[in-house]
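Chemist: So that we are looking at the same thing, I have put the structure below in structure tokens.
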Amino acid sequence: MLTIDLAAIQSNWLKLKAIGANAAVAGVIKANAYGLGASKVGNALYAVGCREFFLASLDEALAARSFLPADAVIYVLGGIHSGDELLYIDSNLIPVLCSSSSVTAWAKANIRLGTSAISAIKVNTGMTRFGLDIYEFESLCADMDLLRAINPVLLMSHLACADAHEHPLNQQQLNRFINCVNLIHPLLPGLRFSLANSSGVFLGDKWHFDLLRPGAALYGINPTPHIGNPMEPVVRLSLPITQVRELDAAAVIGYSSTAVLSAGARVAVVSGGYADGLHRTLGAQPAGYLSGQLVKAIGRMSMDSTIFDVSGLDVRIESLLEQEIEVINSSLSLDYLSKKNSSLGYEVLTSLGPRFPRSYLRGLHND
């Protein structure tokens, strides 16, 4: 069972809102809210005041338009593909224009349809992923007709190293973004600006501008790895025990005979394996808590199951079969798992497969 604390997500958003008191705070709910359920998470965020949301693709954004209230503002980070312009306009979705070709396509669509549908512009200030390069942005700003035709309401960029608080690229990206702001602001005085992701919120007010765009921090991933995690934990994952076996002789455990236990040992087989993303989430040798005691997996993980050595527990088999092993909780946190497995909190959450039933703890307000 994957338990998701909606109140914790709401509290994390409110904490970020308090830090960026002079800025609006969006909610990044792409990738099905990092695997936790975009509909549930999106509406929980809306209930505490979030009105702007970022999705990765048109399909995600259309789904969000169906479950979010009508006044929710929805940005699509993946930009537009040729032929989709009318669908964006009819669904009141805002494309984030990341290339000269997407700028041209959006302008042509507005001119052809006689509309003035709004957009956002993304500029590359140093991550070299999505976004107009500086010379392309300067060229756009020199063409007022083209700028008017795309009708931008937001200029944004993305920080590459904000989780490394002292990294020099943070200041470099800030300086480049300020240069872009200074270039376009006289041309479009009503334009808003956005630079800070989750970790960027904690770099300081200079990085905040008009809109903060947290994703990871909402879900309990540490945005400040150089210090303790300021966010509340959001998820707990427990795996039901489906079989308990007491060994009457030494036996190999799992595929390829990689582990052996002696006579008298006891193992518990749980539901959940690499098909559910546990190989990436929990590492090669997961650990978990059972009846308040730490137990460790043994042998190779299977597609649908994992085996734990529970020899040290003085608990009847009948009782064990009614229990679950917690593999993500306050002790086995996302931070701990990320460091242990050299992975990212994003990977941990988005790896958790759909076969895990989702259980939601109610939010602070109606959701």
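Residue numbers (my numbering): 1 to 367. Even glycine gets a Cβ: it sits at the ideal position worked out from N, Cα and C. Since this is a predicted model, take the numbers as computed values, not measurements.
Between which residues of its own chain and Gly126 is the CB-CB distance below 7 Å, once the five residues before and five after are set aside?
Modeler: To locate residue 126, count along the sequence shown from 1; it is residue 126. Ala160, Leu169, Gln172, Gln173, Arg176.
Chemist: Is it true that the segment 65-85 meets the segment 102-120, where meeting means three or more beta-carbon pairs spaced less than 8 Å apart?
Modeler: Touching, per the Cβ criterion.
Chemist: Once DSSP output is grouped into helix, strand and coil, what is the label at Asp314?
Modeler: Indexing the sequence shown from 1 puts residue 314 at position 314. Coil, per DSSP.
Chemist: Per DSSP, what kind of secondary structure is Gln173 in: helix, strand or coil?
Modeler: Sequence index remark: in the sequence shown, residue 173 carries index 173 (1-based). Note: Gln173 maps to helix in three-state DSSP.
Chemist: Which residues does DSSP pair with Val96 in a beta bridge?
Modeler: Reading the sequence shown from its first residue, position 96 is the one you call residue 96. Answer is Ala120.
Chemist: When you compare only the Cα positions, how much space is there between Ala287 and Gly264?
Modeler: For the purposes of this step, residue 287 is taken as the residue at position 287 of the sequence shown. For the purposes of this step, residue 264 is taken as the residue at position 264 of the sequence shown. So the two alpha carbons sit approximately 21 Å from each other.
Chemist: Can you tell me whether DSSP reads Ser333 as helix, strand or coil?
Modeler: Position 333 of the sequence shown, counting from 1, holds the residue named residue 333. Looking at Ser333 - three-state DSSP - the assignment turns out to be coil, as it is neither helix nor strand.
Chemist: From Asp367 to Ala72, what does the alpha carbon distance come to, in whole angstroms?
Modeler: Along the sequence shown, one-based indexing puts residue 367 at 367. Along the sequence shown, one-based indexing puts residue 72 at 72. With a pLDDT of only 48 at Asp367, under 50, the local geometry of the prediction cannot be trusted, and the value read off the model is given with reservation. So the two alpha carbons sit approximately 15 Å from each other.
Chemist: What distance in whole Å lies between the Cβ atoms of His165 and His226, which are believed to be in contact at a cut-off of 8 Å?
Modeler: Here residue 226 refers to the residue found at position 226 of the sequence shown. Here residue 165 refers to the residue found at position 165 of the sequence shown. His226 to His165, Cβ: 5 Å. Contact.
Chemist: Look up Ile80 in the DSSP assignment and give the residues it is bridged to.
Modeler: Along the sequence shown, read from residue 1 onward, the residue named residue 80 stands at position 80. Per DSSP, none; premise fails for Ile80.
Chemist: I need the DSSP call for Val25, collapsed to helix, strand or coil.
Modeler: Translated into the one-based positions of the sequence shown, residue 25 becomes position 25. Strand at Val25.
Chemist: Quick one: what's Ile184 bridged to in DSSP?
Modeler: Sequence index remark: in the sequence shown, residue 184 carries index 184 (1-based). Beta-bridge pairing links Ile184 to no other residue.
Chemist: For Leu68, name the three-state secondary structure that DSSP assigns.
Modeler: Position 68 of the sequence shown, counted from the start, is the residue given in the question as residue 68. The answer is coil: DSSP assigns Leu68 none of H, G, I, E or B.
Chemist: Just checking my contact of Asn92 with Leu218 at CB under 8 Å: how many whole Å lie between their CB atoms?
Modeler: Counting from 1 along the sequence shown, the entry for residue 92 is found at position 92. Counting from 1 along the sequence shown, the entry for residue 218 is found at position 218. With a Cβ gap of about 24 Å, Asn92 and Leu218 do not count as contacting.
Chemist: Short check: CB of Ile118 to CB of Asn151, under 8 Å?
Modeler: Working through the sequence shown from its first residue, we reach residue 118 at position 118. Working through the sequence shown from its first residue, we reach residue 151 at position 151. Yes; because the gap between Cβ atoms is below 8 Å, this pair is in contact.
Chemist: If we count the other Cβ atoms within 10 Å of its Cβ and call it buried at 16 or more, is His185 buried or exposed?
Modeler: Position 185 of the sequence shown, counted from the first residue, corresponds to residue 185. Classification for His185: exposed.
Chemist: Can you tell me the Cβ-Cβ gap for Ile74 and Leu55, rounded? I've got them flagged as a contact below 8 Å.
Modeler: Against the sequence shown, residue 74 aligns to sequence position 74. Against the sequence shown, residue 55 aligns to sequence position 55. Yes, Ile74 and Leu55 are in contact; Cβ-Cβ is about 6 Å, under 8 Å.
Chemist: Rounded C-beta distance between Leu14 and Ala44? I'm assuming under 8 Å.
Modeler: Reading the sequence shown from its first residue, position 14 is the one you call residue 14. Reading the sequence shown from its first residue, position 44 is the one you call residue 44. No, Leu14 and Ala44 are not in contact; Cβ-Cβ is about 11 Å, not under 8 Å.
Chemist: If we count Cβ pairs, one from each stretch, closer than 8 Å, do we get three or more for the segment 305-322 versus the segment 259-273?
Modeler: The segment 305-322 vs the segment 259-273: in contact.
Chemist: Let me know if Tyr34 comes out buried or exposed under the rule of 16 or more other beta-carbons within 10 Å of its beta-carbon.
Modeler: Here residue 34 corresponds to residue number 34 of the sequence shown, with the count starting at 1. Buried is the call here.
Chemist: Are Ile221 and Tyr46 touching if we call contact CB-CB under 8 Å?
Modeler: The residue given as residue 221 occupies position 221 in the sequence shown. The residue given as residue 46 occupies position 46 in the sequence shown. Cβ atoms of Ile221 and Tyr46: not closer than 8 Å.
Chemist: Taking the alpha carbon of Leu140 as the point to measure from, which residue in Ser100, Ala196, Lys206 has its own alpha carbon closest?
Modeler: Working through the sequence shown from its first residue, we reach residue 140 at position 140. The shortest Cα separation from Leu140 among Ser100, Ala196, Lys206 belongs to Ser100.
Chemist: Straight-line CA distance for Leu97 to Leu349?
Modeler: Position 97 of the sequence shown, counted from the start, is the residue given in the question as residue 97. Position 349 of the sequence shown, counted from the start, is the residue given in the question as residue 349. One C-alpha to the other measures close to 28 Å.
Chemist: Restricting to Cα atoms, I'd like to know which of Ala216, Thr128, Asp59, Leu146 is closest to Ala109.
Modeler: Start at 1 with the first residue of the sequence shown, and residue 109 comes out as number 109. It is Leu146.
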